[in-house]
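Chains as they are written, first to last, in the numbering used here: chain S, 40 to 186; chain U, 2 to 122.
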């Protein structure tokens, strides 16, 4: 412990933080890793789009006229944004809400049950991904008037 | 009880971050419950859900009570989450502080707007 360092030392590898551009593309994430990063991405997305979400809430409940305006915005567009683009943004919010909620419930479940096994982590992560994407697809088809 | 002030303040150890951790979960559970309640009311509505049915859901006093609470819960929940993101990725103090101030302004403004909408119903 107290011996002085040798004057010359071999260059040792340094392990620093993950570099977003150099390292991330070559990293393979397990399912739970995808759930985790998408939890963050979906949360950030809803944070950024919050005024739009509240605008929709405002239009939908304030009056019949504003309700019709919202319906028109979704179907025919509003301002420079065409209807399909407005719907696409709504679809993104739907996905974000579904994924964030399900991933959040997974967190709560793990906290309550102390169910922190490797296998449960993986299977519940897969359920989260499939359910989040699947429900988004089902609601998205409805949103775009397929059924 | 551990001293958490003055020169004897314990700077590491128990309870640091526990409040935010717990708040994040309590507010999340509240929002999940709210989602379920709104969804149930939409599902029990007979026929297509037009303006009257939709606005009627939020017009009930108990729903206003609940929605108000959920807006506040959301404000808190999003603050904890977004602050975590800034703390993880933004290291320069000046930029981080600016983003945190921006987040607070953004969130308080949004919450005020949502409550205003609710107030008018």
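Don't be surprised by glycine CBs; every beta carbon is placed ideally from N, CA and C.
Could you list the residues in the region 65 to 99 of chain U with a C-beta less than 7 Å from some C-beta on chain S, going in chain order?
79, 82, 83, 86
Look at the alpha carbon of residue 56/S and the alpha carbon of residue 126/S, and state the distance between them as a whole number of angstroms.
Taking the first residue of the first chain as position 1, residue 56/S is located at position 17. Taking the first residue of the first chain as position 1, residue 126/S is located at position 87. Cα to Cα, residue 56/S sits roughly 38 Å from residue 126/S.
Under a CB-based cut-off of 8 Å, is residue 121/U close to chain S?
Within the second chain, residue 121/U is the residue found at index 120, counting from 1. With 8 Å as the cut-off, residue 121/U counts as an interface residue toward chain S.
Quick check on residue 24/U: does DSSP put it in helix, strand or coil?
As a first step, residue 24/U must be located in the second chain, where it is residue number 23. Residue 24/U falls in the helix class under three-state DSSP.
Residue from 83/U, 93/U, 70/U, 115/U whose Cα sits closest to the Cα of residue 30/U:
By one-based count along the second chain, residue 30/U stands at place 29. It is 70/U whose Cα lies nearest to the Cα of residue 30/U.
Confirm, please, whether the CB-CB distance from residue 74/S to residue 135/S is below 8 Å.
Within the first chain, numbered from 1, the residue matching residue 135/S stands at position 96. Within the first chain, numbered from 1, the residue matching residue 74/S stands at position 35. Contact: no.
Is residue 165/S near the ligand NAP, judged by its Cβ being under 7 Å from some heavy atom?
As presented, the structure is devoid of all ligands, the ligand NAP included, so that no description of it is given.
Which residues, in order along the region 33 to 65 of chain U, keep a beta-carbon less than 9 Å from a beta-carbon of chain S?
33, 36, 51, 52, 53, 55, 56, 58, 59, 60
Range of the contiguous alpha helix (DSSP H) that encloses residue 116/U
Working through the second chain from its first residue, we reach residue 116/U at position 115. Looking at the DSSP string, the run of the alpha helix (DSSP H) that includes residue 116/U is 94 to 121.
Secondary structure at residue 117/S, three-state DSSP: helix, strand or coil?
Taking the first chain and counting its residues from 1, one reaches residue 117/S at position 78. Looking at residue 117/S - three-state DSSP - the assignment turns out to be strand.
Output the distance between the C-alpha atoms of residue 147/S and residue 50/S, rounded to the nearest integer angstrom.
As a working note, residue 147/S is residue 108 in the first chain. As a working note, residue 50/S is residue 11 in the first chain. Their Cα atoms are separated by approximately 45 Å.
Measuring straight from C-alpha to C-alpha, what distance separates residue 75/U and residue 47/U?
Position 74 of the second chain, counted from the start, is the residue given in the question as residue 75/U. Position 46 of the second chain, counted from the start, is the residue given in the question as residue 47/U. C-alpha separation (whole angstroms): 30 Å.
Quick one: what does DSSP say residue 90/U is sitting in, helix, strand or coil?
In the second chain, residue 90/U corresponds to position 89, counting from 1. Of the three classes helix, strand and coil, the one that applies to residue 90/U here is helix, per DSSP.
For residue 46/U, name the three-state secondary structure that DSSP assigns.
The residue labelled residue 46/U in the question sits at position 45 within the second chain. Coil at residue 46/U, not helix or strand.
Whole angstroms are fine: how far does the CA of residue 132/S sit from the CA of residue 88/S?
Within the first chain, the letter at position 49 stands for residue 88/S. Within the first chain, the letter at position 93 stands for residue 132/S. Distance between the alpha carbons of residue 88/S and residue 132/S: 8 Å.
Taking a cut of 7 Å between CB atoms, which residues from the region 73 to 93 of chain S lie near chain U?
79, 82, 83, 86, 89, 90, 93
Would you kindly work out how many angstroms separate the C-alpha atoms of residue 85/U and residue 129/S, rounded to a whole number?
For the purposes of this step, residue 85/U is taken as residue 84 along the second chain, with counting starting at 1. For the purposes of this step, residue 129/S is taken as residue 90 along the first chain, with counting starting at 1. Those two C-alpha atoms are separated by around 25 Å.
Within chain S, the residues that residue 26/U reaches when beta carbons sit closer than 8 Å:
In the second chain, counting from the first residue as 1, residue 26/U sits at position 25. 146, 147, 150, listed in chain order.
Against chain U: residues of the region 92 to 122 of chain S by CB proximity under 7 Å
93, 96, 97, 99, 100, 101, 103, 106
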